[in-house]
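Structure record follows, encoded as structure tokens.
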Amino acid sequence: MKIFTSTQIKDWDRYTTEHEAVKSIDLMERAARAVTDTICEEWSPMRVVVFAGPGNNGGDALAVARMLADRDFKVEVFLFNIHHTLAPDCATNRQRLMANGHKVAFTEVSVNFDPPVLGADTLVVDGLFGAGLNKPLSGGFSSLVKYINQSDAAVVSIDLPSGLMPEDNTYSVRTNIVRATLTLTFQQPKLAMFLADNQPYIGRLRVLDIRLARAYADKTEPPCTLLDEADVRALLRHRDAFAHKGDMGHALLIAGSYGMSGAAILAARACMRAGVGKLTVHTPRANYAVMQTAVPEAIMQIADNDMRFSNPVDTTPYSAVGIGPGLGTDEDTALAMIAQLRRNACPTVIDADALNILGNHRAWMQQLPKDCILTPHPKELERLTGGSANGCYDRLTKASELAAHHQAYVILKGHYSALCLPSGHIIFNSTGNAGMATAGSGDVLTGIITGLLARGYSQAHACIVGMYIHGLAGDIAARQLGQESLIASDIIQYLPAAWRQLDR
84 MKIFTSTQIK DWDRYTTEHE AVKSIDLMER AARAVTDTIC EEWSPMRVVV FAGPGNNGGD
144 ALAVARMLAD RDFKVEVFLF NIHHTLAPDC ATNRQRLMAN GHKVAFTEVS VNFDPPVLGA
204 DTLVVDGLFG AGLNKPLSGG FSSLVKYINQ SDAAVVSIDL PSGLMPEDNT YSVRTNIVRA
264 TLTLTFQQPK LAMFLADNQP YIGRLRVLDI RLARAYADKT EPPCTLLDEA DVRALLRHRD
324 AFAHKGDMGH ALLIAGSYGM SGAAILAARA CMRAGVGKLT VHTPRANYAV MQTAVPEAIM
384 QIADNDMRFS NPVDTTPYSA VGIGPGLGTD EDTALAMIAQ LRRNACPTVI DADALNILGN
444 HRAWMQQLPK DCILTPHPKE LERLTGGSAN GCYDRLTKAS ELAAHHQAYV ILKGHYSALC
504 LPSGHIIFNS TGNAGMATAG SGDVLTGIIT GLLARGYSQA HACIVGMYIH GLAGDIAARQ
564 LGQESLIASD IIQYLPAAWR QLDR
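Numbering-wise, the numbering used here comes out as the position in the sequence shown, counting from 1, plus 83.
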């Protein structure tokens with residue numbers, strides 16, 4: 084799914100009205116009907132208080148008020164027109180609502196506002212400001228938002244919670260954003276909806292199809308996309324019936340140190356479940372027995388140092404290398420790690436302690452091999468790029484800049500993990516759940532992507548398929564086991580089921 088900017092969405096609306104013989108007021112009616120239908124699915128007739136702003140979002144809200152009144156909801160409307168200027172379609176819907184006035188208690192606010200009582204028996208429809216907002220709310224509107232948020236009423240926000248901007252909320256005043264129970268957005272999610280620090284305001288999210296022109300979406304390139312199963316299925320490389328293990332790639336994992344064999348085990352088992360033909364694990368002698376027992380399918384290559392990785396190895400025999408899980412950050416390990424990156428002759432995944440080492444020696448970042456894959460979680464990214472005190476949008480921007488500057492592939496892990504491509508494009512993952520917020524989950528992802536690289540997937544395709552199937556296995560595990568007790572080994576256990584689902 085393409086994720087357009089607010090400017091592109093506005094162009095999409097205009098393109099629809101110009102090319103499909105539909106007036107903007109009729110498009111608004113279509114959107115309002117979709118919102119009304121959804122509210123009626125969620126709530127029985129009850130008291131509804133509608134707060135409408137002077138723009139198109141307010142026009143949507145006024146149309147929704149009229150339609151809810153026709154479906155036996157008890158509707159009170161407050162239209163804020165403090166500058167005595169309404170958007171044309173908002174003004175039209177004001178007239179339509181007034182014509183239906185016997186069913187609706189209507190108040191137009193231009194100076195003073197006496198707020199209604201909002202209790203648990205009230206549904207608030209937030210239509211103050213939508214995707215067109217470009218600055219934080221202040222003055223009376225900020226007071227109204229605080230009043231709504233302090234109430235016990237359920238809140239439905241149209242398109243976006245008022246006060247939340249569609250992309251960058253770096254400088255938003257968080258106390259002046261509506262905390263919606265349910266957000267009903269039009270046609271597609273907005274970028275802000277994929278960022279963790281905005282989730283408290285969005286509540287549950289439903290995307291309503293208002294049938295904007297398909298032709299515009301087909302020909303317009305967005306800055307971001309959201310993966311779906313069809314996208315991933317189209318990238319799968321299927322085995323030839325006569326394939327042997329030599330055809331399926333030979334991966335090398337440089338992982339583990341004394342006391343951290345678990346990370347190496349998780350990455351190795353996940354790598355094997357990604358379908359690689361052969362796997363060699365370079366690990367200290369201290370891990371030898373447990374690794375041989377836990378992953379009998381893998382070849383053990385013993386490091387020179389009994390306790391940790393301290394000397395680089397020749398990567399000529401291998402199709403791909405993954406480095407970092409459980410590696411440790413001792414100085415001899417750090418020196419060996421950067422020497423390893425300089426000499427790697429095949430696609431490389433850099434994770435965990437390898438990223439922490441780079442964070443401790445930022446000058447070494449200039450030696451990253453082109454087209455390498457970095458898989459940081461937010462704290463690891465901050466060590467690489469500096470702090471992100473301004474929130475998730477700033478962090479995503481830094482991850483994208485990191486990918487572009489080093490011509491690398493950066494997967495910023497989290498809910499809706501974001502793959503930042505060297506081109507600047509960002510791909511959000513649609514699988515995964517909060518149960519995967521557990522130690523070792525990232526090691527599993529490293530193993531999967533390393534295995535896919537070894538099998539012959541390109542860097543971009545290995546990242547896309549890897550993060551999607553990693554999340555899908557986690558989703559299947561959560562359905563079977565619940566999120567609370569999910570551990571990283573469960574993700575590996577359910578990888579076969581995830582592959583079967585994609586193969587269907």
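The C-beta atom is built at its ideal place from N, Cα and C for all residues, glycine as well.
Inter-residue spacing [alpha-carbon to alpha-carbon] between residue i and residue j
i, j, result
"residue 262", "residue 372", "53 Å"
"residue 555", "residue 563", "13 Å"
"residue 580", "residue 86", "29 Å"
"residue 245", "residue 210", "7 Å"
"residue 100", "residue 300", "14 Å"
"residue 338", "residue 239", "49 Å"
"residue 340", "residue 420", "13 Å"
"residue 189", "residue 181", "8 Å"
"residue 347", "residue 409", "6 Å"
"residue 243", "residue 276", "9 Å"
"residue 273", "residue 503", "17 Å"
"residue 463", "residue 406", "15 Å"
"residue 397", "residue 434", "19 Å"
"residue 306", "residue 506", "10 Å"
"residue 336", "residue 318", "24 Å"
"residue 221", "residue 280", "20 Å"
"residue 403", "residue 228", "53 Å"
"residue 400", "residue 215", "55 Å"
"residue 206", "residue 470", "40 Å"
"residue 27", "residue 448", "What the structure shows of the chain is the stretch from 84 to 587, and residue 27 is not part of that stretch, so it cannot be assessed."
"residue 183", "residue 155", "13 Å"
"residue 414", "residue 442", "13 Å"
"residue 570", "residue 459", "19 Å"
"residue 384", "residue 365", "5 Å"
"residue 93", "residue 252", "19 Å"
"residue 494", "residue 465", "13 Å"
"residue 320", "residue 302", "28 Å"
"residue 223", "residue 526", "50 Å"
"residue 370", "residue 288", "46 Å"
"residue 123", "residue 192", "27 Å"
"residue 152", "residue 482", "48 Å"
C-beta contact flag for residue i and residue j at 8 Å
i, j, result
"residue 531", "residue 546", "no"
"residue 588", "residue 250", "Nothing about residue 588 can be reported from this structure: the residues present for the chain run from 84 to 587 only."
"residue 523", "residue 498", "no"
"residue 168", "residue 108", "no"
"residue 115", "residue 137", "no"
"residue 148", "residue 111", "no"
"residue 353", "residue 367", "no"
"residue 217", "residue 172", "no"
"residue 132", "residue 201", "yes"
"residue 426", "residue 395", "yes"
"residue 491", "residue 440", "no"
"residue 416", "residue 393", "yes"
"residue 424", "residue 452", "yes"
"residue 559", "residue 349", "no"
"residue 334", "residue 534", "yes"
"residue 308", "residue 129", "no"
"residue 25", "residue 528", "This structure leaves residue 25 out entirely; the chain is present only between 84 and 587."
"residue 150", "residue 119", "yes"
"residue 241", "residue 286", "no"
"residue 542", "residue 430", "yes"
Residues sharing a beta bridge with residue i, DSSP
i, result
"residue 383", "364"
"residue 336", "364, 405"
"residue 240", "209, 266"
"residue 495", "501"
"residue 431", "404"
"residue 134", "161, 209"
"residue 88", "DSSP lists no partner for residue 88."
"residue 190", "161"
"residue 36", "The question about residue 36 has no answer, for the chain in this structure spans 84 to 587."
"residue 110", "Residue 110 is not bridged to any residue."
"residue 424", "According to DSSP, residue 424 bridges with nothing at all."
"residue 456", "432, 492"
Residue i Cβ short of 7 Å to the ligand GTP heavy atom set
i, result
"residue 87", "Although the ligand GTP was asked about, the structure shown includes no ligands whatsoever."
Would you say the region 322-336 touches the region 352-372, given that touching needs at least three Cβ pairs under 8 Å?
Contact check between the region 322-336 and the region 352-372: three or more CB pairs, one atom from each, fall below 8 Å, which counts as touching.
Any 3 or more C-beta pairs closer than 8 Å across the region 505-514 and the region 280-297
no
May I have a chain-ordered list of the beta strand (DSSP E) segments no shorter than 3 residues that lie completely inside the region 281-336?
Runs of the beta strand (DSSP E) spanning 3 or more residues and lying entirely within the region 281-336 occur at 287-291, 307-309, in chain order.
Is there contact between the region 380-400 and the region 303-320, where contact requires at least three CB pairs shorter than 8 Å?
Cβ pair count under 8 Å is below three, so no.
At 4 residues or longer, and completely inside the region 497-582: list those alpha helix (DSSP H) runs for me, N to C.
Runs found: 524-538, 542-564, 571-576.
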